[in-house]
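Read the structure below first, then the notes.
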Amino acid sequence: MGACMALCSLASCASCLCGSAPCLLCSCCPSSKNSTVTRLVFSFFLLLGTLVSVIMILPGMEAQLQQIPGFCQGGSTIPGLENHVNCEVIVGYKSVYRMCFAMTCFFFFFSAIMVRVKSSKDPRAAIQNGFWFFKFLILVGITVGAFFIQDGTFHTVWFYFGVVGSFIFIIIQLILLIDFAHSWNKIWVGNAEEGNSKCWFAGLLLFTFLHYALALTAVVLFYVYYTQSDNCTEHKVFISLNLIFSVIISIISVLPKVQEAQPQSGLLQASIISLYTMYVTWSAMTNNPSESLPPDPTPSTPTNAPGQVQWWDAQSIVGLVIFLFCTLYASIRSSSNAQMNKLMQTEEGGGGYGGEGEAGKDGVHRAVDNEEEEVTYSYSFFHFHLCLASLYIMMTLTNWYQPDTTTQSMQSTMPAVWVKISSSWLGLGLYLWTLLAPLIFPDRDFS
17 MGACMALCSL ASCASCLCGS APCLLCSCCP SSKNSTVTRL VFSFFLLLGT
67 LVSVIMILPG MEAQLQQIPG FCQGGSTIPG LENHVNCEVI VGYKSVYRMC
117 FAMTCFFFFF SAIMVRVKSS KDPRAAIQNG FWFFKFLILV GITVGAFFIQ
167 DGTFHTVWFY FGVVGSFIFI IIQLILLIDF AHSWNKIWVG NAEEGNSKCW
217 FAGLLLFTFL HYALALTAVV LFYVYYTQSD NCTEHKVFIS LNLIFSVIIS
267 IISVLPKVQE AQPQSGLLQA SIISLYTMYV TWSAMTNNPS ESLPPDPTPS
317 TPTNAPGQVQ WWDAQSIVGL VIFLFCTLYA SIRSSSNAQM NKLMQTEEGG
367 GGYGGEGEAG KDGVHRAVDN EEEEVTYSYS FFHFHLCLAS LYIMMTLTNW
417 YQPDTTTQSM QSTMPAVWVK ISSSWLGLGL YLWTLLAPLI FPDRDFS
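Using the numbering used here, you'd call the opening residue of the sequence shown number 17 and step up by one each time.
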């Protein structure tokens with residue numbers, strides 16, 4: 017809690033200096049749009065909560081967390097674990113759950129009150145783009161209150177909330193990656209048509225080859241390390257199916273009819289999706305409680321040693337990096353892909369002012385209001401996305417652990433495996449649909 021309050025104090029000092037998005041920019045900052053600044057600040061709140069959660073599970077923090085009233089003093093009150101659990105293990109787990117519970121409630125509250133905001137003329141838009149100090153106080157208040165929640169069935173129930181929310185967020189991550197790949201492909205192809213075509217096309221070819229090479233290397237390593245024993249049938253099926261599906265979407269993405277209907281489709285997008293699919297497959301297999309694991313793996317289940325609620329195995333670190341990228345991209349994105357804009361409930365170039373902000377008479381740069389005519393993104397959906405991101409961070413930092421009465425620790429379970437694998441299949445199906453939909457429904461506008 018000391019680390020939490022220290023970080024909170026720093027952010028509070030920064031927040032109390034200004035009350036709305038336009039005044040968040042200083043003279044040394046570039047001019048920007050009001051909508052972009054607002055999304056970045058809310059994303060900062062999420063990243064701040066993530067940082068606090070990471071600190072709470074660092075070795076050495078368990079002694080400080082046990083000083084919180086009710087945190088394992090005299091034994092746990094989780095059903096089945098009374099007086100049988102190592103407090104040095106469970107306090108980090110409980111702290112991350114409560115911190116992420118607070119962030120989820122915070123963003124869900126704003127998602128609910130921002131439903132159907134059409135422009136900055138709506139009184140609720142002022143709440144969205146201002147009052148940062150009070151928003152920060154609300155988040156701190158919810159966080160403090162969350163640490164007084166009695167154990168009971170809280171962790172079990174919240175675990176399943178985390179499973180469902182993370183499933184949806186993994187799909188959103190894939191959508192953002194598809195959007196990023198489409199934008200990347202369009203920009204580089206456009207540059208190739210205007211200038212040195214060989215250089216830009218060589219760049220596209222290089223990154224496409226790199227993504228496929230990494231995906232293929234991952235498949236080989238999976239077969240080597242995750243299919244060693246006879247009881248690894250599930251892993252063999254997961255790897256084989258996702259390899260086949262990745263080949264299928266790659267072939268379909270370059271078919272002449274698909275290229276004619278979807279000129280922006282190509283191997284770059286398919287390679288990124290294939291690589292992400294292999295990451296999700298890897299993440300699922302590391303959560304499998306069976307014995308089909310690589311020899312001498314990075315510990316993925318905590319022991320009874322002090323502070324061993326660990327998340328810093330390789331797949332969790334990669335997942336955190338992807339999460340940070342997608343969160344930042346969702347905050348600054350201005351996509352040129354029409355289908356992704358519809359899916360993510362955003363508009364390209366929406367708003368009353370399309371230009372950049374200008375410096376005022378005092379020389380200080382401000383964020384201009386570019387949403388007087390219409391909002392450039394769905395306020396409600398953006399907060400819902402951050403709400404799901406909070407649940408995903410909770411599951412990632414706790415490595416999808418669930419209380420286990422037999423081992424008296426936190427263990428991975430099969431629901432985590434099936435959630436990740438099914439999300440990879442659903443994501444592949446979603447991308448395949450974006451390729452085939454214009455062919456199946458030629459009368460509809462998919463431009």
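Built from N, CA and C at the ideal position, the CB exists for glycine as well. All values derive from a computational prediction rather than experimental measurement.
>> Rounded to the nearest angstrom, what separates V236 and T169 at their Cα positions?
In response: 42 Å
> Do L155 and A128 have their CB atoms nearer than 8 Å?
Replying inline: no
> Between S287 and P75, what straight-line distance do the alpha-carbon atoms span, to the nearest angstrom?
Replying inline: 38 Å
>> Let me check one thing: in DSSP terms, what residues is G219 bridge-paired to?
In response: Paired residues: none, contrary to the question.
> So S256 and S269 are in contact, right, with Cβ under 8 Å, and what is the actual spacing, rounded?
Replying inline: Actually they are not in contact, since the Cβ atoms of S256 and S269 sit about 21 Å apart, beyond 8 Å.
> DSSP state of G178, grouped into three classes?
Replying inline: helix
>> Quick check on the burial criterion: 16 or more other C-beta atoms within 10 angstroms. Buried or exposed for G443?
In response: buried
> Rounded to whole angstroms, how far is the Cβ of L402 from the Cβ of L64, which I believe are closer than 8 Å?
Replying inline: So it is not a contact: roughly 12 Å between Cβ atoms.
> Three-state secondary structure (DSSP) at G282?
Replying inline: coil
> In its own chain, which residues sit with a C-beta less than 7 Å from the C-beta of F175, not counting the 5 before and 5 after it?
Replying inline: Q418
>> Short of 8 Å in beta carbon distance, which residues of its chain neighbour N207, apart from the five on each side in sequence? Order them along the chain.
In response: W216
> Is T224 buried or exposed, if buried means 16 or more other CB atoms sit within 10 Å of its CB?
Replying inline: buried
> What three-state label does DSSP hand G108 in the structure shown?
Replying inline: helix
> Which of the three DSSP states, helix, strand or coil, is assigned to G146?
Replying inline: strand
> Excluding sequence positions up to five away, which residues of its chain have a Cβ less than 7 Å from the Cβ of T429?
Replying inline: P305 and Q418
> Nearest-angstrom Cα distance between T54 and K137?
Replying inline: 16 Å
> What separation, rounded to the nearest whole angstrom, lies between the Cα atoms of S394 and N201?
Replying inline: 25 Å
> Among residues of its own chain, excluding the 5 on either side of A432, which ones have a beta-carbon nearer than 6 Å to its beta-carbon?
Replying inline: N303 and W416
>> Give me, in chain order, the residues of the same chain whose beta-carbon lies closer than 7 Å to that of G445; leave out the 5 immediate sequence neighbours on both sides.
In response: none
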